[in-house]
Every structure is written in C-alpha cells, then in structure tokens.
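Asks:
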Amino acid sequence: MATSKAKKLRQKQERQGMLNPESLRGSWHHVNPASRTTPGLQDKQNRIYNKHKRNHASYGDDSFCVCWRLL
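Number 24 in numbering that gives the first Met the number 0 belongs to position 25 of the sequence shown; there are no gaps in the numbering.
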C-alpha cells in the first residue's frame, strides 16, 4: 500500500529530529467518540413536531400590506 505525502513528511521530520505530531495525539482508551445513542422519547417527539415546520405567516389575520414608494 502506498504511503501518503503527509505521512512521508512526518517520517522525514522525525528522522531529522523534529517532533512527530502522531505522538502528541491522546489515547481514548477504547472509547469511540463518535458512538451513537438511541433517541429518547423527547428526541422522537421533537423530530415528529419539527418534521414539517409550521408556517407562522399563515396563522395570523388574512390582511396584507402594500407599500408604494414615491420618488
């Protein structure tokens, strides 16, 4: 498998005595930060309520405004 340019650059800097950024990365100790949880009841209700956003402009009175600009 080929080595990426970034990895080659890191290896080159390490050979020259510079610090390798891979060694600075912390250990997660077998914890997956992107793990998903199942949605709770409140999450499901919010998703259903917000599925079709309510158009608040249609709930008011049926009047409208016409503005004319005079020059």
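Don't be surprised by glycine CBs; every beta carbon is placed ideally from N, CA and C.
Please state whether DSSP places L69 in a helix, a strand or coil.
Replies: Note: L69 maps to coil in three-state DSSP.
Asks: Out of A1, N19, T2, M0, state which residue places its alpha-carbon closest to the alpha-carbon of R9.
Replies: It is N19.
Asks: Which stretch, first to last residue, makes up the alpha helix (DSSP H) that contains R9?
Replies: From DSSP, the alpha helix (DSSP H) with R9 extends over 4–14.
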